[in-house]
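Asker:
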Amino acid sequence: MSLFVEPRRTDPVSSSIATSSSSSQAPMLELNKITCGYQPEVPTVRDLSLHLQPGNILCLLGPSGCGKTTTLRAIAGFERISAGEIHLQGQVLASASFHLPPEQRRVGMVFQEYALFPHMSVEDNVAFGLYHWQPSDRKARVQNLLDLVGLQGLEHRFPHELSGGQQQRVAIARALAPKPLMLLLDEPFSNLDPDMTIKMRKELYRVLRQTQTTAILVTHDHEEAFAMADHVAVMQDGILVQCDTPEGIYQQPSCSFVAEFIGQANTIPGIINNGQIETEIGTFPNQSDFHSETHVLVMIRPIDIQFTPSESGSGRIESRQFQGSQTLYGIRLSSGQLIHCCMLPIPVYNIETSVIIHVTTSQHAIIFPQPALS
Amino acid sequence: MILPFLSILFAFTLLATEAFGVPELYAADSVVVYSGRAERLIKPVLDHFEQTTGTTVQLLTAGSTELVNRLRAEKARTPADVFITNEAGALELARSLHLLQPIALSEVATTIPEPFRAPDNSWIGLSGRIWMIVYNTNMVDPSTIHSLLDLSTPTWKGKLAIPTSNSEYLQAGASMVLASKGEKAATDFLLGIRDNAGNEVYGKNRQIVDAVAKGKVAVGIVNHYYIFRHLAKDPKAPIAPLITDQDEGGMGAIMNVAGIGLTAHAKHMSAANQLITFLMSPTGQEMFAHINKEYPVNPAVKADPELPPSSSFQASTIPLTRLAELRDPIIQEIQRLGLR
Amino acid sequence: MVRHTQLTPLSLVGVSIAALLTFPLLYVTYAAFTGDLSQAGNLWNTRLPELLTNTISLAMGVSLATLTLGVSTAWIITRYQFWGRAFWDWGFVLPLAIPSFVLAYVYTYLLDTAGPVEQTWQWLTNSEAHIPSPYSFTGALVVMTLNTFPYVYLLARAAFQNFNLSFEEAAQATGATRRETFWRVSLPLIRPALVASMFLVVLYVVSDFGAVSLLRFQTFTYAIYQQITGRFDYQSAALLSLLLVGFALVFLFAERWFRKQSRFYQTSGRVRTATPKPCSMTRVLAINLSFLVIFIAAFGLPVFLLIQWTLTAWTNGEVGTSFGTYIGNSVLLSATAATAALVLGTPLAYLASRIPSKLHVACLQGAYIGYVLPGPVAALALLMLFTDMIPILYGTIFVLILAYLIHYLPAGLQAMESALQQVNPNLEEAARNLGAKGIRTFMQITFPLVRKGFSAAWLLMFLLCMKELPATLLLRPIGFDTLAVRIWLEASEELYQLAAPPALLIVLLTIPAVFLLSKKNWQAG
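Residue numbers (my numbering), protein chains in the order written: chain A, 117 to 490; chain Z, -7 to 332; chain Y, -8 to 516.
(1) For a test of the three-state rule: what should DSSP assign to A/CYS458, helix, strand or coil?
(2) Can you tell me which residues form a DSSP beta bridge with A/GLU146?
(3) Using a Cβ-Cβ distance under 8 angstroms, would Y/GLN539 count as near chain Z?
(4) Could one say the Cβ of A/HIS347 lies closer than 8 angstroms to chain Y's Cβ atoms, at least one of them?
(5) Does DSSP put A/ILE473 in a helix, a strand or coil?
(6) Pair every Cβ in the segment 322 to 336 of chain A with every Cβ in the segment 351 to 362 of chain A, then say whether three or more of these pairs are closer than 8 angstroms.
(7) Between the alpha carbons of Y/ARG207 and Y/HIS121, how many angstroms are there, rounded?
(8) May I ask which residues mark the beginning and end of the alpha helix (DSSP H) holding Y/GLY470?
(9) Return the CA-CA distance between Y/TYR225 and Y/LEU371, expressed in angstroms with no decimal places.
(10) A/MET351 bridges to which residues according to DSSP?
(11) Counting pairs of Cβ atoms below 8 angstroms between the segment 33 to 41 of chain Z and the segment 263 to 281 of chain Z, do you hit three or more?
(12) Please classify Z/TYR18 as buried or exposed, where buried requires at least 16 other C-beta atoms within 10 Å of its C-beta.
(13) Whose CA, out of A/VAL348, A/ARG436, A/ARG196, lies closest to the CA of A/ILE462?
(14) Could you check the C-alpha separation between A/TYR247 and A/ASP263 for me, to the nearest Å?
(15) Output yes or no for whether 8 angstroms exceeds the beta carbon distance between Z/GLU325 and Z/LEU182.
(16) So, does the CB of Z/GLU16 fall closer than 8 angstroms to a CB anywhere in chain Y?
(17) Out of curiosity, what's the CA-to-CA distance linking Y/ALA326 and Y/ALA289?
(18) In the DSSP assignment, what residue or residues form a beta bridge with Y/VAL284?
(19) Ignoring anything shorter than 3 residues or poking outside the segment 256 to 331 of chain A, list the beta strand (DSSP E) runs there in chain order.
(20) Confirm, please, whether the CB-CB distance from Z/ILE95 to Z/ILE268 is below 8 angstroms.
(21) Between Z/VAL169 and Z/MET243, what straight-line distance do the alpha-carbon atoms span, to the nearest angstrom?
(22) For Z/ILE252, which three-state DSSP category applies?
(23) In three-state terms, what does DSSP make of Z/HIS138?
(24) Is the segment 69 to 78 of chain Z close to the segment 254 to 264 of chain Z, with three or more CB pairs under 8 angstroms?
(25) Curious, which full-length beta strand (DSSP E) runs of at least 3 residues does the segment 181 to 219 of chain Z contain?
(26) Answer with yes or no whether the minimum CB distance from A/ARG257 to chain Y is below 8 angstroms.
(27) Check the Cβ of Y/LEU418 against every Cβ in chain A and list those closer than 7 angstroms, keeping chain order.
(28) Please name the residue or residues paired with Y/LYS268 in a DSSP beta bridge.
(29) Starting from Y/PRO367, follow the alpha helix (DSSP H) in both directions and report where the run begins and ends.
(30) Three or more C-beta pairs closer than 8 angstroms, one from the segment 446 to 462 of chain Y and one from the segment 46 to 66 of chain Y: is that the case here?
(31) Could you give the C-beta distance for A/PRO425 and A/CYS457, rounded to a whole number, given that I count them as a contact under 8 angstroms?
(32) For Z/ARG319, count neighbouring C-beta atoms within 10 Å of its own C-beta (all shown protein chains included) and say buried if the count is 16 or more, exposed if not.
(33) Just grab the DSSP bridge partners of Z/ALA153 for me.
(34) Are the segment 460 to 476 of chain Y and the segment 391 to 408 of chain Y in contact at 8 angstroms, needing three or more beta carbon pairs?
(35) Output the distance between the C-alpha atoms of A/PHE214 and Y/ASN415, rounded to the nearest integer angstrom.
(36) Within the 8 angstroms Cβ cut-off, does Z/THR236 reach chain Y?
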């Protein structure tokens, strides 16, 4: 078996990651070490740098309170930044000493609760940003957008008469109407039920691609990020931890936080010894930079762990959760650690069965240095 | 939605017409009167003047104190030509604040006796009123009271009604006591009536007379005409006037005048003089004084026969100009003693 | 959530408005302390003890009385089912439509020596016995209680209605009797509502002028008024005012503090509210009878008399064209003031709720100080200010409008604030995001959504201005009388019939607003 083990940087990423292609083109959006927050002593976002190519979709991913919404609002102009710079298509939007008001930035925003104007019809909502257009052009544009999002015929309805999904489409149409340079979306699906969410995700993706809109999506749901984004930027406590393609994030998380945030992961302590990493569930070749005697954490996905029942096994099944296409088992190891593994739904193994653990090779194991133990 | 905007429209109209004073006041051939004397007393006289002379009268009525304050604040901007009050103190005060100017009419010296006008003639009295005692005929034997100061003795505890400390007449009356009998007498007097009156302190003289008539109290101190007004309404009421301090060496009856002054910045001099002349004339005097049962100041005009004839009593000899001088100290004293 | 303070033009507007509203009070303070302070010594020895005793005892007496009356009526109405309940439910709110000075003047007529009540009593007892005079502490107590108990009633009723029954049931499960439960569980738990209404009542009593002046009961506010009208310098009035304002401010802070403290009274979890219990015939009779007495005393009899007098005045032809002028004056003045208040209050409310920096919140709080300034004090502040500094505007309508603004803007501000808070800030952000500048955002998005709340604020301020008395008496341009002023002038002369038409008019105008108010959610805290 071969496990791909790579040396990983464990400090936060502080410079931007270029995209694989079209890097010769000037970026649409550039965030240069921006810091912002409500209280100057405890900034919500610190030293964040990103850039985004035209036509791409970026996802800001992270737990609540990580600063992703603040970043979005800073780009939109609703928050001031205390350090760094924001450039849109080369023009300075904001810096420590300059702040372009939101109404002058050509950035569209879809709010978490849609913020549709309750006293205006769908038509008037969508047309709101087209104040300076000729009435005929305005009407045509509104029709265009309603067709685009699939809401033809609902021009005269009012927001309270629409379903959640319909409201979201109006919000998207409204934001796209004035042809913004970029679209910002703040947790757009958090108010929808799961079925609707999946449907709307596809819709949104289609619309964005069709209009070739550059977009930033804020979410706490990693599946969403993986489904929609060209690049994912993971944030924690105001700092950008890793920015990469979805595959890159999944396969090569830069630290345990990212690894655990984007999917189930088992982290098992191990120790490097004679070119091998010894762990409770097996020994793996050491292909990292770490020296002997270093304590490390090995990350293994549940899908890569299997077991066979055996009287002499050191692990014991503690829980079992049927998930449709697979069953997730919780195995208590002799050290007391609990790990999870995914097995086919059949056969069904009982709780308290003793098992032997096998680690399969379908994906990589990833190593992080273990924080100093007492 | 419409309502607020309509109101804004009203607001502008309102402000335009009223923010800078009532515009009619600046019309020519009219005289502007600031009157501390009640409207229903002065209006009939002014109406008659209007009809007979053709000069329009713009009348503004308020409290005398308010009007003095207003004149002070308005300074040269004031629309007022003349200032009519119910007692001389306010007129003297206005004069001392340089709010009045001398009336340049020759009739003044011949028509208005000297004690009843300012030394420089900036104001003249028009009718006299006596601050006297009203008593309930069923409850009081008038021969027991010789002086106003008697009412401050403990005998009258709970039986006396007095006006509030705000009352110009109380202030003027007490000033007279101060001038005649000195500080101690004035203080004793005020203290005494304060204690004796207790709760029976009224904002209006009329209420004092009512209280005496109902028997709520036995005596009260009021301007004389209130008594006669009440008797005119209800001839059977058990009340009667009492003029005191007539003995040898006594203070004399406390007399005050309602009068008129010419403002320092009068804009309609001839009309103002016309009005003053009218009010000094027998017709004017009769109307002004009789309407309220007061004593005409013009000696050529007879008083209402119902009133005690002016020859039958001795008025105080303290000049009215003293009233203004003594006003502040008296107000201080009244306040210090805590009269209501 | 505190955001950065940026001194935008709007901020400057807000600051200037707040300054305009608080400056007069600051001027009075300054003037009072730079004048002759020996006056203070005089005051302390003579009038002050009496004024303090009177004001405090009246406030406490009315508080106690309204508490008893308000809580008992609210309790009976929310907890018992009886014939006539629906009527009394809104009937007890009606007394709020009668201005205090109107109630006072009706009672001076009724209870005066040789008045109808005394005559009836003398006839009944066949004697010459005198009934207690209304011109006393008792008179003031009765009038103010009847006039303000609806505040307590409304708040207590809301508290009882939202009361979680589980508490009472828990108490009863431990063996407490119904009476014990009431005193030891129910009453304490609605304490925040009671305290809030107490504060309202005390503030109302302390700043009242109309009723106490007609009843000749010497309170601070009445004394201040007398000082202003009777003296040529405003020194003593200023000193008295400062005392009163100081007291009111302490009061305001105490109320805020107390409100914070009682946050924990809010119940969590499912709330089971009480269903009214039926009662026996005798009880129904007793309840209705006692309620009838209260209602007649507080509303029925006064309104009946007003109607009767108005009809007499009408048939005597005493209701002339000048009456129309008074109505016009009142309406124009109040409408202008209410509109100005709305316009000036909007930046303050907007800044404080959208950009709640320390500066903006301070501006809003500053505007609220006017709330505790009784009418005469606000008038005094302006009199001093304009006589000394801007005499050209002295005696104009402008000064009176300013007084109304200072005193009544806070009342409207509360309604405006809550209307603004109900508009999601996201909506305004969305509008700006779509390119709408500040003004357009406000006109097209914010304003249409707060219109209803702002209209309610306008209506409230309009009505308060219509009923205002002392400031109007002191500041009105000569010859400019409002309905309230006419009522007071006629009532002071005991010309009851002449005072009735304007009084009846004001009561009729106020009744719809009172209904609106009673429908509001009177949650305390």
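Idealized CB from N, CA, C, for every residue including glycine.
Answerer: By the coordinates alone:
(1) Correct three-state label for A/CYS458: strand.
(2) BP columns for A/GLU146 point to A/HIS167, A/HIS203.
(3) The question about residue 539 of chain Y has no answer, for chain Y in this structure spans -8 to 516.
(4) No, because no Cβ of chain Y sits closer than 8 angstroms to the Cβ of A/HIS347.
(5) In the three-state reduction of the DSSP assignment, A/ILE473 falls in the strand class.
(6) At 8 angstroms Cβ cutoff, the stretches do not touch.
(7) The C-alpha of Y/ARG207 lies about 19 angstroms from the C-alpha of Y/HIS121.
(8) In the DSSP assignment, Y/GLY470 falls outside any alpha helix (DSSP H) and carries neither an H nor an E.
(9) Their Cα atoms are separated by approximately 8 angstroms.
(10) The partner list for A/MET351 (beta bridge, DSSP) reads A/LEU356.
(11) The answer is yes - the segment 263 to 281 of chain Z touches the segment 33 to 41 of chain Z, with three or more Cβ pairs under 8 angstroms.
(12) Legend: pLDDT at Z/TYR18 = 49, less than 50; position of this residue unreliable, value from coordinates given subsequently. Result: exposed.
(13) The shortest C-alpha separation from A/ILE462 is found at A/ARG436.
(14) If you take the alpha carbons of A/TYR247 and A/ASP263, they lie about 20 angstroms apart.
(15) Contact annotation: Z/GLU325 and Z/LEU182 have beta-carbon atoms nearer than 8 angstroms.
(16) Its pLDDT being 46, under 50, Z/GLU16 is placed unreliably in this model, and the coordinates cannot settle the point.
(17) Rounded to whole angstroms, Y/ALA326 to Y/ALA289 spans 29 angstroms at the Cα level.
(18) Under the DSSP definition of a beta bridge, Y/VAL284 lacks any partner.
(19) Complete beta strand (DSSP E) runs here, min 3: 298 to 302.
(20) Yes; because the gap between Cβ atoms is below 8 angstroms, this pair is in contact.
(21) Z/VAL169 and Z/MET243 have their alpha carbons spaced roughly 8 angstroms apart.
(22) In the structure shown, Z/ILE252 adopts extended strand secondary structure according to DSSP, grouped into three states.
(23) Z/HIS138 falls in the coil class under three-state DSSP.
(24) Flag = yes, the segment 69 to 78 of chain Z and the segment 254 to 264 of chain Z touch.
(25) Fully enclosed beta strand (DSSP E) runs of 3 or longer: 211 to 215.
(26) With 8 angstroms as the cut-off, A/ARG257 does not count as an interface residue toward chain Y.
(27) Correct list: ALA231, PHE233.
(28) Beta-bridge partners of Y/LYS268 (DSSP): Y/TYR71.
(29) 366 to 379 is the extent of the alpha helix (DSSP H) around Y/PRO367.
(30) Flag = no, the segment 446 to 462 of chain Y and the segment 46 to 66 of chain Y do not touch.
(31) By a beta-carbon distance limit of 8 angstroms, A/PRO425 does not contact A/CYS457. Their separation comes to about 13 angstroms.
(32) Buried, by the Cβ-count rule.
(33) Under the DSSP definition of a beta bridge, Z/ALA153 partners with Z/GLY212.
(34) Yes, the segment 460 to 476 of chain Y touches the segment 391 to 408 of chain Y.
(35) The straight-line gap from Cα to Cα measures roughly 27 angstroms.
(36) Among the residues facing chain Y, Z/THR236 is not included, as its CB has no counterpart in that chain under 8 angstroms away.
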